[in-house]
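Participant: I have a structure I would like to understand better, so I am pasting it below and will then ask my questions one at a time.
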Amino acid sequence: MFSAPGKGDGGDDGAVRFTRDLDFTPRDFERVRDLIYRRAGIVMAENKREMVYSRLAKRLRLHGMTRFGDYLDRLEARSDSEEWEAFTNALTTNLTAFFREAHHFPTLAEEVRRRGTGIKIWCAGASTGEEPYSLAMTVKETLGAAASQVKILATDIDTEALNTARAGVYSLETVEKLGEARCRQFFQRGSGARAGKARVRPELAAMIDFRPLNLVTGSWSINGPFDIIFCRNVMIYFDKETQAEILRRFAAQLKPDGLLFAGHSENFSFLSQAFRLRGQTVYTLASPSPRTVSDAARSER
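First residue of the sequence shown: 1, per the UniProt record's numbering; consecutive thereafter.
Below you can see the structure in the form of structure tokens.
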């Protein structure tokens with residue numbers, strides 16, 4: 001997350017308060033931390049006060065409010081309010097890039113080549129689309145025309161990020177870093193009012209199904225099991241208990257010989273006995289139990 005520890009002046013009680021136009025107390029911050037944890041499983045660190053203020057202040061101003069306490073009261077009063085989506089979107093971090101952690105993609109290509117067509121891939125942290133499109137490009141480069149038979153599910157809790165992903169429009173400067181061959185094969189350059197932009201080609205976009213999904217909700221409306229799951233740099237925002245529960249559910253959504261790709265700073269070996277390390281932050285099921293295999297088969301029907 002892009003933020004810095006907040007600076008402010010202390011009151012008589014020694015609490016740090018920001019010099020801002022909206023009323024934001026330490027109690028408000030604790031309420032935000034509790035709400036985003038209960039809603040999305042995200043653990044908000046103590047040093048994120050200023051980030052929370054700057055991101056949620058836009059929502060308060062939109063509603064003509066001046067006190068965070070009033071905003072949070074209104075939010076909690078209606079569990080079905082559409083504002084919950086905006087609240088969650090505001091506090092979700094979307095740090096991503098095309099072919100981020102590049103060492104994973106040769107492994108992906110090798111698996112796609114070995115498994116052939118008809119495989120299913122789940123990108124469980126789609127963000128603004130760079131990662132799922134990188135997966136699709138790798139599949140296309142590996143299988144050629146047959147890549148259209150590969151299905152990629154891309155999910156994220158942030159609906160605004162998913163809208164960006166579906167649009168598939170990025171700065172030309174960003175896309176050009178992929179090299180001339182990939183630019184030409186996978187993107188369309190904008191002109192006129194869209195100069196300086198590039199859009200993902202329709203045939204690549206057609207490989208991906210973008211859907212909103214909250215990993216900490218009671219049910220996942222997805223059609224597994226999957227050959228490959230990418231969940232990179234997502235689990236770092238959850239506590240150990242939540243991470244372990246998500247890994248348990250991943251195990252039930254993965255084929256017995258499937259692969260789970262994690263982020264460079266994530267280590268699942270001490271969190272779950274269901275997985276064993278196969279490569280650099282790449283995991284496979286340790287020894288699929290009859291129940292795991294049964295769950296996976298049931299999901300496929």
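All C-beta atoms in this analysis are idealised placements derived from N, C-alpha and C, irrespective of residue type, glycine included.
For GLY69, which option in ARG184, ARG38, ALA57 has the closest C-alpha, if you only look at C-alpha atoms?
Facilitator: Checked all of ARG184, ARG38, ALA57; the closest Cα to GLY69 is ALA57.
Participant: When you compare the region 34-47 with the region 233-248, are there three or more beta-carbon pairs, one atom per stretch, that lie closer than 8 Å?
Facilitator: The way I'd put it, the region 34-47 does touch the region 233-248; three or more beta-carbon pairs between them come closer than 8 Å.
Participant: By how many angstroms is the C-alpha of THR155 removed from the C-alpha of ASP80?
Facilitator: Approximately 21 Å between the Cα atoms of the pair.
Participant: What's the call for LYS177, buried or exposed, on a 16-neighbour Cβ count within 10 Å?
Facilitator: Result: exposed.
Participant: What are the residues that DSSP puts in a beta bridge with GLN188?
Facilitator: ARG199
Participant: Counting only runs of 4+ residues fully inside the region 86-126, write out the alpha helix (DSSP H) ranges in chain order.
Facilitator: 104-115
Participant: Cα separation between TYR53 and GLU111?
Facilitator: 44 Å
Participant: With a threshold of 6 Å on Cβ separation, who are the neighbours of ALA165 within its own chain once the five nearest residues in sequence on each side are excluded?
Facilitator: ALA126, THR128, GLY129, PHE210
Participant: Quick check on ASP257: does DSSP put it in helix, strand or coil?
Facilitator: strand
Participant: Apart from the five residues just before and just after PHE268, which ones in its own chain have a Cβ nearer than 7 Å to its Cβ?
Facilitator: Around PHE268: LEU247, ALA262, PHE275, TYR283.
Participant: Excluding sequence positions up to five away, which residues of its chain have a Cβ less than 7 Å from the Cβ of ARG20?
Facilitator: TYR53
Participant: Going by other Cβ atoms of all chains shown within 10 Å of its Cβ, with 16 needed for buried, is ASN233 buried or exposed?
Facilitator: Around the beta carbon of ASN233, 16 or more other beta carbons sit within 10 angstroms, so the residue counts as buried.
Participant: Could you work out which residue in ARG27, ARG67, GLU85, TRP84 is closest to ARG49 when comparing CA atoms only?
Facilitator: ARG27
Participant: Report, in whole angstroms, the separation of the C-beta atoms of residue 310 and THR142, which I expect to be a contact under 8 Å.
Facilitator: This structure gives no information on residue 310, because the portion of the chain shown stretches from 1 to 301.
Participant: Between which residues of its own chain and LEU162 is the CB-CB distance below 7 Å, once the five residues before and five after are set aside?
Facilitator: ALA126, ASP156, PHE210, PRO212
Participant: PHE186 and LEU172: beta carbons closer than 9 Å?
Facilitator: no
Participant: What separation, rounded to the nearest whole angstrom, lies between the Cα atoms of SER134 and ILE208?
Facilitator: A direct Cα-Cα distance of roughly 11 Å separates SER134 from ILE208.
Participant: Going by DSSP in three states, ILE152 sits in which element: helix, strand or coil?
Facilitator: strand
Participant: For ARG61, name the three-state secondary structure that DSSP assigns.
Facilitator: Looking at ARG61 - three-state DSSP - the assignment turns out to be helix.
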